[in-house]
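The block underneath contains the structure these notes are about, expressed in structure tokens.
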Amino acid sequence: MVSDLHEALYFTFSTLIPVFPPLGWLIFSTPRFSVLHSISVYESWNHIFIAVFAPYIHCVIFALLLRCLEMRSGGAATRLDPIFRIQKRRVVSRQNREHPGEEPPEVHAERERVRSAMASLQQEEESAIVVNSVRKEYEDKKASSVFKKRKKVAVKNLSFTVKKGEVLGLLGPNGAGKSTTINMISGHITATAGEVLLKGCDGVVSTSGQSIPGYLGCCPQQDPLWPDLTVHQHLQVYAAVRGMRKEDAAVTISRIENALDLQKHLRTPARRLSAGEARKLCFALSILGGPVVMLWDEPSVGMDLKGQRRMWKVIQTAMKSKEHAAILSTQYLEEAAAMCDRVAILVSGQLRYIGSLEDLKSKSGTSYHLEVKMTDPEQSDALHAEVLHLFPYATRQERMTSSLIYKIPMENAVPLSQSFSKLEAAKQNFRLEDYSLSLHSLQQVFVDLTRDLEEHDPDAAPDGVVEQRPLHP
Ligand SMILES: Nc1ncnc2c1ncn2[C@@H]1O[C@H](COP(=O)(O)OP(=O)(O)OP(=O)(O)O)[C@@H](O)[C@H]1O
1 MVSDLHEALY FTFSTLIPVF PPLGWLIFST PRFSVLHSIS VYESWNHIFI AVFAPYIHCV
61 IFALLLRCLE MRSGGAATRL DPIFRIQKRR VVSRQNREHP GEEPPEVHAE RERVRSAMAS
121 LQQEEESAIV VNSVRKEYED KKASSVFKKR KKVAVKNLSF TVKKGEVLGL LGPNGAGKST
181 TINMISGHIT ATAGEVLLKG CDGVVSTSGQ SIPGYLGCCP QQDPLWPDLT VHQHLQVYAA
241 VRGMRKEDAA VTISRIENAL DLQKHLRTPA RRLSAGEARK LCFALSILGG PVVMLWDEPS
301 VGMDLKGQRR MWKVIQTAMK SKEHAAILST QYLEEAAAMC DRVAILVSGQ LRYIGSLEDL
361 KSKSGTSYHL EVKMTDPEQS DALHAEVLHL FPYATRQERM TSSLIYKIPM ENAVPLSQSF
421 SKLEAAKQNF RLEDYSLSLH SLQQVFVDLT RDLEEHDPDA APDGVVEQRP LHP
């Protein structure tokens with residue numbers, strides 16, 4: 001502080017630069033400085049004043065600056081990272097240029113439908129959800145190392161549309177990619193490639209994740225509930241978020257509570273609900289306010305039969321107006337048959353079938369299901385050779401210790417009288433415990449479709465055996 005200029009600079013910098021006051025304070029407090037400039041720091045109240053109060057001035061200035069920046073670029077960062085407020089850049093999905101390869105005809109037709117829906121999106125009134133060549137890769141943490149990151153492909157090149165008034169069932173075995181698909185549509189996760197478009201009733205097209213409240217209702221696989229809020233409070237909060245008027249909300253909430261038999265639990269906090277009751281509440285939240293697009297990821301898991309039927313009724317009522325579109329992921333064929341206009345069957349992230357269950361059922365009539373039960377497992381190979389001799393186009397579906405299961409094309413099994421007499425003879429020769437020859441049921445068709453080639457045990461297909469896994473029955 002040898003001149004007025006220095007002092008002015010000191011005041012200016014210490015007011016604007018946060019690190020300056022503590023550093024200045026340290027410099028001024030050193031004995032060397034005191035000796036050289038023959039002043040005691042404690043004599044200079046100005047310096048103490050700056051060192052103590054400047055940080056408060058900084059707080060106010062920078063809090064205001066931060067607020068301005070947040071108002072300009074959105075406040076989501078504060079929620080995710082309240083300390084450093086670094087907002088991850090949203091990964092922009094790129095177009096999926098991967099060739100889909102050979103696909104079943106109905107899957108290919110659906111892909112073409114998506115293409116034409118994308119081409120004429122503004123004019124196209126029908127589709128509420130358009131999923132266009134979507135792919136999702138996760139980092140496979142188990143297989144990754146420090147040097148090499150390995151990816152797990154959960155969904156590959158998936159394309160489908162859901163029309164207004166339609167409920168599309170999403171079926172498939174565990175890990176098929178159903179939840180990943182629903183989460184990409186809801187915007188909960190970002191697609192690695194491809195795009196999802198949601199079309200509002202006003203014709204506005206928005207990519208998933210940027211939809212307006214009230215447009216999308218989602219019941220994800222994990223219950224998104226606040227543990228301390230009661231059932232009734234949850235419904236009230238969601239009604240407010242969806243922009244419902246208070247009087248409308250009260251009527252709708254009471255109707256939903258009655259329809260799903262939630263009245264007994266209105267004052268129960270979410271943490272004390274049973275799994276089935278929590279699912280009921282999640283489902284109720286997803287339909288509250290009649291969103292245009294509704295996504296349900298296994299909503300009936302944990303519900304008792306009565307609860308499941310009540311939920312079905314609510315779905316039917318909600319879909320009456322033909323202004324809504326819904327996707328229902330389920331493990332139950334019966335639920336899909338009761339609720340869905342079409343079903344999409346996913347296996348290992350790929351679409352294996354899309355269409356009505358009736359069409360799938362009619363295809364099941366084109367082959368027979370043969371199951372033979374052995375008394376002596378040692379005879380398995382000989383019996384297999386005999387079945388192939390009797391029905392040359394039979395394909396073995398399963399091989400267990402005491403039974404073998406085959407699919408036989410219809411033309412190979414008729415006339416049935418001959419088939420039964422051949423099987424009777426085999427029963428005597430091989431001392432079979434039992435056998436059955438029946439039309440392929442819907443359940444069996446579904447099992448055939450969803451059987452994953454990669455997971456299949458190669459030991460079960462010894463040389464010479466035709467172990468085909470046709471996509472169509
Ligand atoms: N966050 C994640 N990180 C890594 N892999 C994941 C992640 N989430 C899902 N996966 C993997 O992606 C694949 C698809 O998972 P997804 O949950 O979509 O299947 P799903 O069909 O919903 O199964 P389920 O019927 O059991 O709910 C699975 O193999 C799963 O292990």
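If you read the sequence shown in the UniProt record's numbering, its first letter stands for residue 1, the second for the next number, and so on.
Glycine included, C-beta positions come from ideal geometry on N, C-alpha and C.
For H232 and L266, the rounded distance between their alpha carbons
The residue you call residue 266 lines up with position 266 of the sequence shown. The residue you call residue 232 lines up with position 232 of the sequence shown. The straight-line gap from Cα to Cα measures roughly 5 Å.
With a threshold of 6 Å (Cβ to nearest heavy atom), would G175 be considered close to ligand 1?
Your numbering for residue 175 matches position 175 in the sequence shown. Indeed, a heavy atom of ligand 1 lies less than 6 Å from the Cβ.
DSSP state of H99 mapped onto helix, strand, coil:
Looking up residue 99 in the sequence shown gives position 99. Taken through DSSP and simplified to helix, strand or coil, H99 comes out as coil.
Do the stretch 316-331 and the stretch 393-413 touch if we need at least three Cβ pairs shorter than 8 Å?
A contact is defined here as three or more CB-CB pairs under 8 Å, and the stretch 316-331 fails this definition with respect to the stretch 393-413.
Bounding residues of the alpha helix (DSSP H) (the contiguous stretch that carries H369):
Indexing the sequence shown from 1 puts residue 369 at position 369. In this chain, H369 is not harboured by any alpha helix (DSSP H); it is covered by the beta strand (DSSP E) spanning 367-373.
Measuring alpha carbon to alpha carbon, tell me which of L216, D376, V107 ends up nearest N157.
In the sequence shown, residue 157 corresponds to position 157, counting from 1. Minimum Cα distance to N157 is reached at V107.
Below 8 Å CB to CB, which residues in the same chain sit around K142 once its five sequence neighbours on both sides are set aside?
Locating residue 142 in the sequence shown gives position 142, counting from the first residue. Residues of the same chain with a CB within less than 8 Å of the CB of K142, apart from the 5 flanking positions on each side, do not exist.
Within 10 angstroms of the Cβ of E257, are there 16 or more other Cβ atoms? Answer buried if so, exposed if not.
If you number the sequence shown from 1, residue 257 lands on position 257. Taking a 10 Å sphere around the C-beta of E257, we find 16 or more other C-beta atoms and assign the residue as buried.
For the pair the stretch 174-188 and the stretch 126-136, tell me if three or more CB-CB distances fall below 8 Å.
Contact between the stretch 174-188 and the stretch 126-136 is present, because at least three Cβ pairs lie under 8 Å.
In angstroms with no decimal places, state the Cα-to-Cα distance between L281 and R342.
Here residue 281 refers to the residue found at position 281 of the sequence shown. Here residue 342 refers to the residue found at position 342 of the sequence shown. C-alpha of L281 to C-alpha of R342: approximately 26 Å in a straight line.
Given that a residue counts as buried once 16 or more other Cβ atoms are within 10 Å of its Cβ, and exposed if not, what is R242?
Here the question's residue 242 lines up with position 242 in the sequence shown. Buried, by the Cβ-count rule.
Note down, in chain order, each residue of its chain lying with its Cβ closer than 7 Å to the Cβ of Q263, except the 5 sequence neighbours on either side.
Looking up residue 263 in the sequence shown gives position 263. For Q263, same chain residues with a beta-carbon under 7 Å away, outside a window of 5 residues either side, are E257 in chain order.
In three-state DSSP terms, what is Y332?
Along the sequence shown, read from residue 1 onward, the residue named residue 332 stands at position 332. DSSP, read as helix, strand or coil, puts Y332 in coil.
Taking only three categories from DSSP, how would you classify residue 490?
Given that the chain is displayed from residue 1 to residue 473, the structure contains no residue 490 and the question cannot be resolved.
What separation, rounded to the nearest whole angstrom, lies between the Cα atoms of I253 and K246?
What you label residue 253 is simply residue 253 of the sequence shown in a count that begins at 1. What you label residue 246 is simply residue 246 of the sequence shown in a count that begins at 1. Cα to Cα, I253 sits roughly 10 Å from K246.
Simplified DSSP state of P105, which is helix, strand or coil:
Here residue 105 corresponds to residue number 105 of the sequence shown, with the count starting at 1. Under the three-state reduction of DSSP, P105 is assigned to helix.
Please name the residue, chosen from L65, T401, P269, E102, that lies closest to D381 on a Cα-to-Cα basis.
Residue numbering aside, residue 381 sits at position 381 when the sequence shown is read from its first letter. Minimum Cα distance to D381 is reached at T401.
Within the stretch 298-333, ranges of the alpha helix (DSSP H) (whole runs, at least 4 residues)
Whole alpha helix (DSSP H) segments, 4+ residues: 305-318.
Would the C-beta of K178 count as close to ligand 1, meaning under 6 Å from any of its heavy atoms?
One-based indexing of the sequence shown puts residue 178 at position 178. Indeed, a heavy atom of ligand 1 lies less than 6 Å from the Cβ.
Is V343 helix, strand or coil when you go by DSSP?
Taking the first residue of the sequence shown as position 1, residue 343 is located at position 343. Three-state DSSP puts V343 in a strand.
Cβ neighbours of residue 476 in the same chain (closer than 8 Å, five flanking residues each side left out):
Lying before the first or after the last residue shown, residue 476 is absent from the chain, which here runs from 1 to 473.
Closer than 8 Å by C-beta to Q210: which residues in its own chain qualify, once you throw out the five before and the five after it? Chain order, please.
As a first step, residue 210 must be located in the sequence shown, where it is residue number 210. The predicted position of Q210 is uncertain, since its pLDDT is 49 and thus under 50; no value can be drawn from it.
Enclosing alpha helix (DSSP H) for T450 [first to last residue]
The count along the sequence shown starts at 1 and reaches residue 450 at position 450. Taken as a continuous stretch (DSSP letters only), the alpha helix (DSSP H) holding T450 covers 442-450.
Selection from Y332, S286, V301 that minimises the alpha carbon distance to I315
Residue 315 sits at position 315 when you count from the first residue of the sequence shown. Selected option, being the one with the closest Cα: S286.
If D304 sits next to G349, beta carbons under 8 Å apart, how far is it from one beta carbon to the other, in whole angstroms?
Here residue 304 refers to the residue found at position 304 of the sequence shown. Here residue 349 refers to the residue found at position 349 of the sequence shown. The pair is not a contact, with the Cβ atoms about 32 Å apart (cut-off 8 Å).
Measuring CB atoms only, is the stretch 352-361 touching the stretch 409-424, in the sense that at least three cross pairs come out at less than 8 Å?
Under the Cβ criterion (8 Å, minimum of three pairs), the stretch 352-361 does not count as touching the stretch 409-424.
What runs of the beta strand (DSSP E), each 3 residues or longer, lie entirely inside the stretch 130-217?
Complete beta strand (DSSP E) runs here, min 3: 151-163, 167-171, 193-199, 205-207.
Rounded C-beta distance between R135 and G194? I'm assuming under 8 Å.
Sequence index remark: in the sequence shown, residue 135 carries index 135 (1-based). Sequence index remark: in the sequence shown, residue 194 carries index 194 (1-based). Indeed, because the Cβ distance is near 6 Å, the residues count as touching under 8 Å.
Using a 10 Å radius around the Cβ and a threshold of 16 neighbouring Cβ atoms, would you call S120 buried or exposed?
Along the sequence shown, one-based indexing puts residue 120 at 120. With fewer than 16 other Cβ atoms from the protein chains shown falling within 10 Å of its own Cβ, S120 counts as exposed.
Close Cβ partners of R94 (< 6 Å) along its chain, the five nearest in sequence each way excluded:
One-based indexing of the sequence shown puts residue 94 at position 94. Same-chain partners within the cutoff: A193.
Cα-Cα, which of K322, E298, S321 is closest to M311?
Along the sequence shown, one-based indexing puts residue 311 at 311. Of the listed residues, the one whose Cα sits closest to M311 is E298.
First and last residue of the beta strand (DSSP E) that includes Y435?
The residue labelled residue 435 in the question sits at position 435 within the sequence shown. Where Y435 is concerned, the enclosing beta strand (DSSP E) starts and stops at 434-439.
Can you check whether the CB of K178 is closer than 7 Å to the CB of L295?
By 1-based counting over the sequence shown, the position of residue 295 is 295. By 1-based counting over the sequence shown, the position of residue 178 is 178. Here L295 is not near K178, since their CB atoms are 7 Å or more apart.
Is A154 close to ligand 1? I mean its beta-carbon at under 6 Å from any heavy atom of the ligand.
Position 154 of the sequence shown holds residue 154. At least one heavy atom of ligand 1 lies closer than 6 Å to the C-beta of A154.
Exposure label - D448; buried when at least 16 CB within 10 Å
In the sequence shown, the residue the question calls residue 448 occupies position 448. Classification of D448: buried, given that the 10 Å Cβ count is 16 or more.
Can you tell me whether P473 is buried or exposed, with buried defined as 16 or more other CB within 10 angstroms of its CB?
Locating residue 473 in the sequence shown gives position 473, counting from the first residue. Low confidence applies here, because P473 scores a pLDDT of 34, under 50, leaving its location unreliable and the question unanswered by this model.
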